[in-house]
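Undergrad: According to this note's numbering, the sequence shown holds residues 135 to 467 in order.
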Amino acid sequence: MFMKFYEMIFIMLLLMGTIIAVSTSCWFTSWLGLELNLLMMIPLIINKFNSSSTESVIKYFLVQAMSSILFIIFSLMNFMMMKTNFSMNMENMIMIALIMKAGIPPLHFWFPQIMEYMEWAQCFIMLTWQKIAPFMLLSFMFNKLMIFIMMTSVIIGTLGGFNQSSLKKILTYSSIIHSGWMMAIIMNNMKIWMNYFLIYSIISFSIIWTINQTFFKNIKSIMNMKSNLFFKIIFSMNIFSLAGLPPFLGFLGKFMVVVHLLEVNFNLFILTMLISSSLIGLFFYMKMMYSMLMISMNHMNFIFLTKKNNNSTMMITMTIFLNLIMPSFILLT
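See below:
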């Protein structure tokens with residue numbers, strides 16, 4: 135289904151807002167870009183005029199407006215108090231505004247709630263594109279608060295993922311874990327951060343596109359689909375890639391991060407926390423996929439999305455290429 139003309143306009147302006155925010159050295163211009171991004175995202179969220187959509191828009195607007203106010207106020211104060219003892223405190227407040235805007239712990243309270251009521255296309259934008267500007271602006275700051283935020287992200291993301299049945303909330307908490315990894319590498323190497331973010335975006339797109347073909351909302355609906363073993367295998371491959379399980383694409387991203395952090399003598403305790411969070415997160419991913427696949431084996435049927443055979447073939451090809459062939463190609467080059 136093609137996008138409507140006004141949706142294309144909103145998306146183009148959304149992209150422009152992010153580009154403006156990250157391509158300037160002036161905090162005020164960055165704020166203008168963030169505001170343009172916010173104003174264009176709101177119409178995209180309102181795709182159905184119902185109470186849930188309206189509530190999501192109100193929550194999103196209030197949180198983003200509050201973070202924008204904090205950002206511009208403390209940016210101006212930081213400019214006026216430059217080279218004083220208060221400058222570092224102002225920088226910390228700017229950082230707090232940015233993590234609130236990106237939905238990073240401990241100011242992530244709004245993120246899972248809003249994601250639950252969005253369409254999958256909007257979810258993909260929230261999980262990927264909407265994080266670019268805050269992360270790029272955070273890359274100009276480095277202090278002890280950033281270390282605390284990074285550690286909080288991996289802990290809350292890991293604990294929050296347990297006992298979740300909603301696919302959107304699972305992807306949300308997974309995004310929070312990946313935010314911790316991205317904060318660790320963006321402080322040390324922007325190029326590797328871009329590679330990691332690109333890998334994460336590709337995997338997220340693959341998962342969301344796969345789910346969108348079936349209209350599933352939770353794990354129970356997938357487990358009850360007894361005749362669709364192929365879909366479950368493909369979905370499992372994408373989830374394992376998101377979790378960073380070798381030999382899938384997601385493992386390659388985390389491998390690059392770990393190798394570089396070891397090269398720059400990064401704090402081993404924090405690096406251990408990052409790896410441990412991935413291992414613990416892998417446990418609830420494995421538990422979810424194991425239950426789903428074991429039920430399938432008892433009702434094995436290789437009929438796969440018969441109403442959409444072309445999409446099914448594309449789904450299989452894309453999943454195998456992204457998760458198996460692409461990592462091998464990158465490693466060889």
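Beta carbons: idealized from backbone N, C-alpha and C, even for Gly.
Here the structure is a predicted model, which means the values were calculated and not measured.
(1) Tell me the DSSP secondary structure of SER159 in three-state form.
(2) Using the three-state DSSP reduction, which class does SER202 fall into: helix, strand or coil?
(3) If I'm right that GLY295 touches SER308 with Cβ under 8 Å, what's the distance once you round it to whole angstroms?
(4) In the DSSP assignment, what residue or residues form a beta bridge with ASN352?
(5) Distance, Cα to Cα, SER355 vs PHE339?
(6) Please report the residue range of the alpha helix (DSSP H) in which PHE331 lies.
(7) Which term fits THR163, buried or exposed, when burial requires 16 or more other beta carbons within 10 angstroms of its beta carbon?
(8) Out of THR348, GLY378, SER375, which one is the CA nearest neighbour of PHE364?
(9) Could you give the DSSP three-state label for PHE276: helix, strand or coil?
(10) Mark LYS325 as exposed unless 16 or more other C-beta atoms lie within 10 angstroms of its C-beta, in which case mark it buried.
(11) Mind checking whether ALA155 and ALA267 have CB atoms under 8 Å apart?
(12) Is it right to say GLY151 is buried, meaning 16 or more other beta carbons lie within 10 angstroms of its own, or is it exposed?
(13) If you follow the alpha helix (DSSP H) that VAL392 is in, where does it begin and where does it stop?
(14) Output yes or no for whether 8 Å exceeds the beta carbon distance between LEU383 and ILE319.
(15) On a CA-only basis, which of ILE311, GLN256, SER287 is nearest SER187? Give me that one, please.
(16) What do you reckon, are the CB atoms on TRP165 and PHE205 nearer than 8 Å?
(17) I'd like to know whether the C-beta atoms of MET317 and ILE283 end up nearer to each other than 8 Å.
(18) To which residues of the same chain is THR306 closer than 7 Å at the C-beta, ignoring the five residues directly before and after it?
(19) Hey, how far is the Cα of GLY291 from the Cα of PHE144?
(20) Within 10 angstroms of its Cβ, does THR344 collect 16 or more other Cβ (buried), or is it exposed?
(21) Pick helix, strand or coil for LYS441, following the three-state DSSP scheme.
(22) To the nearest angstrom, how far is it from the Cα of SER190 to the Cα of GLU253?
(23) Going by DSSP in three states, PHE243 sits in which element: helix, strand or coil?
(24) Hey, GLU169 and SER202 are a contact pair by Cβ (cut 8 Å); roughly how many whole angstroms apart?
(25) Could you spell out the range, first to last residue, of the alpha helix (DSSP H) harbouring PHE258?
(26) If GLY378 and SER412 are in contact, beta carbons under 8 Å, what's the gap, nearest whole angstrom?
TA: Here's the rundown:
(1) Reading the sequence shown from its first residue, position 25 is the one you call residue 159. Here DSSP, grouped into helix, strand and coil, assigns SER159 to coil.
(2) For the purposes of this step, residue 202 is taken as residue 68 along the sequence shown, with counting starting at 1. Looking at SER202 - three-state DSSP - the assignment turns out to be helix.
(3) What you label residue 295 is simply residue 161 of the sequence shown in a count that begins at 1. What you label residue 308 is simply residue 174 of the sequence shown in a count that begins at 1. Indeed they touch by this definition, with Cβ atoms about 7 Å apart.
(4) In the sequence shown, the residue the question calls residue 352 occupies position 218. Answer is SER300.
(5) In the sequence shown, residue 355 corresponds to position 221, counting from 1. In the sequence shown, residue 339 corresponds to position 205, counting from 1. If you draw a straight line from the Cα of SER355 to the Cα of PHE339, it comes to about 20 Å.
(6) Mapped onto the sequence shown, residue 331 falls at position 197. Boundaries of the alpha helix (DSSP H) harbouring PHE331: 324-346, taken from the DSSP string.
(7) The residue given as residue 163 occupies position 29 in the sequence shown. Counting C-beta atoms within 10 angstroms of its own C-beta, THR163 has fewer than 16 neighbours from the protein chains shown and is therefore classed as exposed.
(8) Here residue 364 is taken as the residue at index 230 of the sequence shown, counted from 1. The residue among THR348, GLY378, SER375 with its C-alpha nearest the C-alpha of PHE364 is THR348.
(9) Counting from one through the sequence shown, the residue named residue 276 turns up at place 142. Three-state DSSP puts PHE276 in coil, outside helix and strand.
(10) Position 191 of the sequence shown holds residue 325. By the Cβ-count criterion, LYS325 is exposed, with fewer than 16 other Cβ atoms from all chains shown falling within 10 Å of its own Cβ.
(11) Reading the sequence shown from its first residue, position 21 is the one you call residue 155. Reading the sequence shown from its first residue, position 133 is the one you call residue 267. Yes.
(12) Indexing the sequence shown from 1 puts residue 151 at position 17. It is buried - the Cβ of GLY151 has at least 16 other Cβ atoms within 10 Å.
(13) What you label residue 392 is simply residue 258 of the sequence shown in a count that begins at 1. In the DSSP assignment, VAL392 falls within the alpha helix (DSSP H) that extends over 383-397.
(14) In the sequence shown, the residue the question calls residue 383 occupies position 249. In the sequence shown, the residue the question calls residue 319 occupies position 185. Pairing LEU383 with ILE319 gives a Cβ-Cβ distance that is not under 8 Å.
(15) By 1-based counting over the sequence shown, the position of residue 187 is 53. SER187 has its Cα closest to that of GLN256, out of ILE311, GLN256, SER287.
(16) Mapped onto the sequence shown, residue 165 falls at position 31. Mapped onto the sequence shown, residue 205 falls at position 71. Result yes, Cβ atoms of TRP165 and PHE205 sit closer than 8 Å.
(17) For the purposes of this step, residue 317 is identified with residue 183 of the sequence shown, where counting begins at 1. For the purposes of this step, residue 283 is identified with residue 149 of the sequence shown, where counting begins at 1. Yes. Within cutoff.
(18) For the purposes of this step, residue 306 is taken as the residue at position 172 of the sequence shown. Within the same chain, THR306 has close Cβ partners PHE245, PRO246, MET249.
(19) Your numbering for residue 291 matches position 157 in the sequence shown. Your numbering for residue 144 matches position 10 in the sequence shown. Looking at the two C-alpha atoms, the distance is approximately 31 Å.
(20) Taking the first residue of the sequence shown as 1, we reach residue 344 at position 210. By the 16-neighbour rule on beta-carbons within 10 angstroms, THR344 is buried.
(21) For the purposes of this step, residue 441 is taken as residue 307 along the sequence shown, with counting starting at 1. Because LYS441 carries a pLDDT of 43, less than 50, the predicted location of this residue cannot be relied on, and no value is offered for it.
(22) On the sequence shown, position 56 is the one that residue 190 refers to. On the sequence shown, position 119 is the one that residue 253 refers to. Roughly 11 Å between the two C-alpha positions.
(23) Residue mapping note: residue 243 aligns to position 109 of the sequence shown, counting from 1. Taken through DSSP and simplified to helix, strand or coil, PHE243 comes out as coil.
(24) Reading the sequence shown from its first residue, position 35 is the one you call residue 169. Reading the sequence shown from its first residue, position 68 is the one you call residue 202. Going by Cβ atoms, the distance from GLU169 to SER202 rounds to 6 Å, so yes, they are a contact pair.
(25) Here residue 258 refers to the residue found at position 124 when the sequence shown is read from its first residue. Following the DSSP letters along the chain, one finds PHE258 inside the alpha helix (DSSP H) bounded by residues 254-261.
(26) In the sequence shown, residue 378 corresponds to position 244, counting from 1. In the sequence shown, residue 412 corresponds to position 278, counting from 1. Contact flag correct, Cβ pair sits at about 5 Å.
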